[in-house]
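Each step along the sequence shown adds one to the number in numbering that gives the first Met the number 0, with nothing skipped, and position 25 is 24.
Note that beta-carbon positions come from the ideal geometry of N, C-alpha and C, so glycine has one too.
Working notes for the structure below.
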Amino acid sequence: MSDCSNIKDCEKHADKVYCPNRFTFEEMCNIKMALHLAPGYIEDFMESAKDDYESLAQNQKVFYNKGEELMAKMEELEGKVNNLISMAIMQSE
């Protein structure tokens, strides 16, 4: 198992660097796909809920209010997962 010494800190101000080998290659690909699809679902929810905002449950309002921020974070994370996948492919060649 790697000690992660060659993995850059993925998060600004992060205390830990998580090793890519904590996930299988298939799991990383599934995470990437989920991160790729999720913003579309959030956007669909926000579009359908914008006219009925007052009727939303409190947790849905929080989700709605943070939707843009969540989508941006997911896009950023997808890029990081893509980098991990690329590293895994290069290491296996």
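Three-pair Cβ contact test at 8 angstroms for the region 73 to 85 versus the region 25 to 45: yes
Buried or exposed by the 16-neighbour rule on C-beta atoms within 10 Å, applied to glutamate 75: exposed
N- and C-terminal bounds of the alpha helix (DSSP H) containing aspartate 43: 24 to 48
Rounded C-alpha distance that separates glycine 39 from glutamate 46: 10 angstroms
Span of the alpha helix (DSSP H), counted from its first residue to its last, around lysine 65: Looking at the DSSP string, lysine 65 is not in any alpha helix (DSSP H), and its letter there is neither H nor E.
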